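Engineer: Quick one: this structure, given as structure tokens, is what I'll be asking you about.
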Amino acid sequence: MSLFPSKSAFCLGYAPHKRHFRLLLPLVFLLALVGCQSMGEKAGSKAAPSRSIPQGQALLPDTTAVAADSLQPTALAALPGLPDSVRRQVAALHQALGPEARALRLSVLERACVGYLTLRHAGRIRRPAVLAVADMDLPSTERRLWVLDLAQGKVLHHSYVAHGRGSGQLLARRFSNRIKSACTALGFYRTADTYDGKHGLSRRLHGLDPGQNSNALDRYVVLHGADYAGQRYLSQHGQLGYSRGCPALPPEQYRAIITAVGAGACLFVSGPGLESRWLNGKAAGRQLAANGWH
């Protein structure tokens, strides 16, 4: 005899025997519980596959995760202690850069310039007036890398740049200094020497923010070209591909960008949650007053 009454029995108002009903209750409850758990896991993994963290595992200090609710970039507060003279000169520079820098937010440029000036003041970068800025708060569908000539007020190069596959998909929302994290690491970098690798001409990077990007050399984070960082890939797939943490450049521009940046220059990789010891308004003000953008 089957434990389950026939469909016709239910339609006719048949009530199963009490003993059979007691046997059915645990089975029905178990099936309902399994079904709910399965639906929850699927919904959770679909919502944010790139940012899932095992239950009970906290993010390590060298990892930053930010919720991605929209394509709008994160609002940045004004830097404290920054002299008005620096703000005015950065604003004038921003205007002088023209249409190519329209998408470069003034708040990001201000942080990039303050860090550059502070690093020059501390003797940590030696190439004057050249500043590369990557705003990883923008989606990869936008050209979010600029190479600037600060002294001339010119945009030397404006291009796409890919982020690490561990940082997210269209938007980079998770950043890490950890080896094998495949994440982009935020902060200030000093460009180093070049070499010919599997991606062709590449330039090494020294991370200058302890705990935030200081593992750049050990992680082999370099400037290099990649097919997945160019316009053709974007047109085919709707967004750029991913690196293993490198700021990968378009195949049609990477050589010119790597050459223009040179060795000993400042690269600023901006993104949500960035903190840096080099955002020192007073030191930046002293450097700008004494040497201008050089």
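Residues 10 to 303 in my numbering are what the sequence shown lists, from first letter to last. C-beta: ideal position from N, C-alpha, C; glycine also. Keep in mind that this is a model prediction, so the values were computed, not measured.
According to DSSP, is L258 part of a helix, a strand, or is it coil?
Structural biologist: If DSSP states are grouped into helix, strand and coil, L258 belongs with the strands.
Engineer: For the alpha helix (DSSP H) holding S244, just list the boundary residues, first then last.
Structural biologist: Run containing S244: 240-246, per the alpha helix (DSSP H) assignment.
Engineer: With distance defined between alpha-carbon atoms, name the residue in Y125, A86, R228 nearest to R187.
Structural biologist: Of the listed residues, the one whose Cα sits closest to R187 is R228.
Engineer: Using 10 angstroms around the beta-carbon of N300, count the other beta-carbons present and answer buried if the total reaches 16, otherwise exposed.
Structural biologist: So N300 counts as exposed.
Engineer: Taking DSSP as the reference, what is the three-state secondary structure of V278?
Structural biologist: Looking at V278 - three-state DSSP - the assignment turns out to be strand.
Engineer: Please state whether DSSP places L140 in a helix, a strand or coil.
Structural biologist: L140: strand per DSSP, three-state reduction.
Engineer: Among the residues of its own chain, which have a CB less than 7 angstroms from the CB of A191, if the five just before and after it don't count?
Structural biologist: G173, R174, G175, R253, G254.
Engineer: Using DSSP's beta-bridge definition, name the partner residues of H208.
Structural biologist: BP columns for H208 are empty, so no partner.
Engineer: Quick check for students: name the residue ranges of the alpha helix (DSSP H) that lie wholly in the segment 112-162, counting only runs of 4 or more.
Structural biologist: Listed in chain order, the complete alpha helix (DSSP H) runs (minimum 4 residues) inside the segment 112-162 are 115-131.
Engineer: In this structure, what does DSSP give as the bridge partners for H233?
Structural biologist: H233 is bridged to A257.
Engineer: Using 10 angstroms around the beta-carbon of L32, count the other beta-carbons present and answer buried if the total reaches 16, otherwise exposed.
Structural biologist: With a pLDDT of 44 at L32, under the threshold of 50, the modelled position of that residue is not reliable, and no figure is offered here.
Engineer: Helix, strand or coil, according to DSSP, for A201 in the structure here?
Structural biologist: Three-state result, A201: strand.
Engineer: For a test of the three-state rule: what should DSSP assign to L102, helix, strand or coil?
Structural biologist: Helix, per DSSP.
Engineer: Does the segment 266-276 come into contact with the segment 109-118, if we say contact requires no fewer than three beta-carbon pairs (one atom in each stretch) closer than 8 angstroms?
Structural biologist: No, the segment 266-276 is not in contact with the segment 109-118.
Engineer: What residue does the beta strand (DSSP E) around R183 start on, and which one ends it?
Structural biologist: Its beta strand (DSSP E) spans residues 183-185.
Engineer: Is the CB-CB distance between L232 and P260 below 8 angstroms?
Structural biologist: Not a contact, by the Cβ cut-off of 8 angstroms.
Engineer: Taking D236 as the reference, which of R133, A225, Q248, L226 has the closest Cα?
Structural biologist: Residue Q248 is the option with its Cα nearest to D236.
Engineer: Is S168 helix, strand or coil by DSSP?
Structural biologist: Strand at S168.
Engineer: DSSP on S252, reduced to helix/strand/coil?
Structural biologist: The answer is strand: DSSP assigns S252 an E or B state.
Engineer: Since G216 and V95 should fall inside the 8 angstroms C-beta cutoff, what is the C-beta to C-beta distance between them, to a whole number of angstroms?
Structural biologist: Not really, about 25 angstroms apart at Cβ, beyond 8 angstroms.
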